[in-house]
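If you read the sequences in order, they're chains V and D. In terms of UniProt numbering, the first sequence opens at residue 1 and continues consecutively. In terms of UniProt numbering, the second sequence opens at residue 1 and continues consecutively. Here the structure comes first, spelled out in structure tokens, and everything after it is commentary.
There are 2 protein chains.
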Amino acid sequence: MPYDPSAFPPFAVTVDLVVLTVRRHALCALAVRRGEAPFQGRWALPGGFVRADEDLAQAAARELAEETGLHAHDPSAPAQDNGAHLEQLATYGDPERDPRMRVVSVAHLALAPDLPAPRAGGDASNARWAPVEELLQQGGYGRDGEPLAPLAFDHAQILADGVERARSKIEYSSLATAFCTPEFTVGELRRVYEAVWGVALDPRNFHRKVTGTPGFLVPTGGTTTRQGGRPAQLFRAGGATLLNPPMLRPEV
Amino acid sequence: MPYDPSAFPPFAVTVDLVVLTVRRHALCALAVRRGEAPFQGRWALPGGFVRADEDLAQAAARELAEETGLHAHDPSAPAQDNGAHLEQLATYGDPERDPRMRVVSVAHLALAPDLPAPRAGGDASNARWAPVEELLQQGGYGRDGEPLAPLAFDHAQILADGVERARSKIEYSSLATAFCTPEFTVGELRRVYEAVWGVALDPRNFHRKVTGTPGFLVPTGGTTTRQGGRPAQLFRAGGATLLNPPMLRPEV
DNA sequence: GTGTTTATCGTCAGGCAGACGACTATGATC
DNA sequence: GATCATAGTCGTCTGCCTGACGATAAACAC
């Protein structure tokens, strides 16, 4: 196979982002409204072209900052700086996935704490946090009466893959803390698990499990009442990234 | 961001393959010798350009067939047809990873039973199964006296990622059976785990675990002596793909 | 036959998870 | 201020799974 620059077809390479957060006890994803054809007016995942001198992770971090103002922190640095967790998800390259040209999209998954309203080039009506079930559901009407159209391109598949990755990864890693503010209570962390998995967890067993796992949580000393009951201890994320034994997701 | 075909730089897109198998109690990967610059004469992972009308998975399956004669079976079809397991691994797109041009490589992971000698365009000296430690180790000399040079491009990183994926995935899935022939014994499956993890496992506890996990193994009725001791029962892979509870990898 | 090798079954103790009772500390309501 | 609702935290108990390891079974080598 000698080197022949004309022997390979040119591709466009993009990054698409599955940005997840927990809002009002529901797992939500960032969606932006498309301004041009194809799929004009439809909701899609944020994303854009990779630049000529840019690594894939850099491109994803740039798009994330443009869409949300979040900066991704280096996964190798365990420090909690309120930045988002960002990791590569998967790559989608069906020849027909974009009718304009051959596009290969490297999807990334970002997990962020609950944020104020998103911005998309300053136009708030063109970006929103939507519950993932609503984005993945086809037909019918959303909570605001808007008709539910499927996401543009193959973005429903990408979103589903991202949600599945998040659901399984919080089982055996401390990644659920990426959905929390730098300081959080055990109850807030439990509500993250409940929202992502869509199940109810026993507060007592959950408390025993997370406080008993070395390196998962570090008490800061402070206490806070955010929900109206007894004040809760505040924690930061510990250095541990892999949980052994893992959190167990209840059956079905 | 209006559509402008000149607004994005062209990329070459390739698939690279991490093909793993277990040979003589060691985890081995398929390596091919590069015939041209850059990295001429160095060992590399097999791979090639994605064609204009090809999906990424199709391209990976085609490359796998060209290099090994294996055909990948559809992951959605649980039938064991002696084909290899093939799944997407990750995508590597550093601007400097190929000195010739901007190349984005979508790496795939293939798991195969022990195979006869590989072929690479009919030239056996340009393809081989090598223990992964040997390929990842830098400097020194291999078992055949050949000097150990690092793999070409960023293939050492890709191989390391593929090995780590395989090591973790056999914990919670039935993927270890992809390293076995269609019919296998519990002992052969155990030796797969031992080779991939590099540890020794208790035969009695392993037997209890795998035969007690519903859907993991299906007895075929036959028995065979392949190692010189008492004849062992033969099994096929069951329909289960996720193991719950998982196999536990011993510490360190 | 005796020893070696591999496969398979059983037993036992320790650890962890699910179910759930009890107590504590706050705000809301009367 | 007493009472109630809410949320957090500590314990107990039981069942299951795992790791350690003894014992038996069935082949081959000599």
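Beta carbons are placed, not taken as given, at the ideal position from N, Cα and C, and that holds for glycine.
So which residues of chain V does residue i contact, with C-beta pairs closer than 8 Å?
i             : result
glycine 93(D) : Val13, Val50, Asp55, Leu56, Val106
Residue i touches chain V at which residues, Cβ-Cβ below 7 Å?
i              : result
leucine 102(D) : According to the sequence as given, residue 102(D) is arginine; it is not leucine. Near arginine 102(D) (Cβ distances below 7 Å), the residues of chain V are Ala52.
alanine 90(D)  : Gln88
Taking C-beta pairs closer than 9 Å, name the residues in chain V that residue i reaches, listed in chain order.
i                    : result
phenylalanine 184(D) : What phenylalanine 184(D) touches in chain V: nothing, since even the nearest Cβ is about 28 Å away.
With a threshold of 8 Å between beta-carbons, can residue i be considered close to chain D, or not?
i               : result
proline 10(V)   : yes
glutamine 40(V) : no
proline 203(V)  : no
alanine 79(V)   : With a pLDDT of only 47 at alanine 79(V), under the threshold of 50, the placement of this residue in the model should not be trusted; the figure read from the coordinates follows. It does not: the Cβ of alanine 79(V) has no partner Cβ on chain D nearer than 8 Å.
tyrosine 3(V)   : Residue placement at tyrosine 3(V) is poorly supported in this model, since its pLDDT is 47, which falls under 50; the coordinates still yield a value, given next. At least one chain D Cβ lies under 8 Å of tyrosine 3(V).
Would you mind reading off the limits of the beta strand (DSSP E) that contains residue i?
i               : result
aspartate 98(V) : Per DSSP, aspartate 98(V) belongs to no beta strand (DSSP E) and is neither H nor E.
arginine 226(V) : Element bounds for arginine 226(V): n/a, residue is neither H nor E.
proline 131(D)  : 127 to 131
leucine 189(D)  : That residue, leucine 189(D), is in no beta strand (DSSP E); its alpha helix (DSSP H) goes 186 to 197.
threonine 14(D) : 12 to 23
alanine 240(V)  : Here alanine 240(V) belongs to no beta strand (DSSP E), and DSSP marks it neither H nor E.
cysteine 28(D)  : 26 to 33
Nearer than 7 Å: is that true of the beta carbon of residue i relative to any heavy atom of the ligand NAD?
i               : result
aspartate 16(D) : For the structure depicted, the ligand NAD is absent and the ligand set is empty, with no information on it obtainable.
Can you give the beta carbon distance from residue i to residue j, rounded, assuming they're within the 8 Å contact cut?
i                   : j                    : result
valine 18(D)        : leucine 109(D)       : 5 Å
alanine 84(V)       : alanine 178(V)       : 7 Å
phenylalanine 11(D) : valine 104(D)        : 5 Å
leucine 64(V)       : alanine 72(V)        : 6 Å
leucine 111(V)      : leucine 175(V)       : 7 Å
alanine 127(D)      : valine 32(D)         : 5 Å
glutamine 233(D)    : threonine 185(D)     : 7 Å
tryptophan 197(D)   : leucine 135(D)       : Not quite, the Cβ-Cβ distance comes to about 18 Å (not below 8 Å), so this is no contact.
alanine 59(V)       : valine 15(V)         : 5 Å
aspartate 98(D)     : phenylalanine 153(D) : 6 Å
alanine 195(D)      : leucine 27(D)        : 5 Å
glycine 162(V)      : leucine 20(V)        : 7 Å
leucine 45(D)       : leucine 151(D)       : 7 Å
serine 173(D)       : leucine 242(D)       : 6 Å
Assuming residue i is part of the alpha helix (DSSP H), what are its boundary residues?
i                    : result
glutamine 58(V)      : 56 to 68
residue 265(D)       : Any property of residue 265(D) remains undetermined from this structure, which presents chain D solely from 1 to 252.
phenylalanine 235(V) : Careful: phenylalanine 235(V) lies outside any alpha helix (DSSP H), inside the beta strand (DSSP E) at 232 to 237.
phenylalanine 49(D)  : Premise fails: phenylalanine 49(D) lies in the beta strand (DSSP E), 47 to 49, not in any alpha helix (DSSP H).
arginine 204(D)      : 203 to 212
Are any of the Cβ atoms in chain V nearer than 8 Å to that of residue i?
i              : result
glycine 198(D) : no
proline 250(D) : no
- Contact list for the segment 147 to 158 of chain D against chain V, Cβ threshold 8 Å: none
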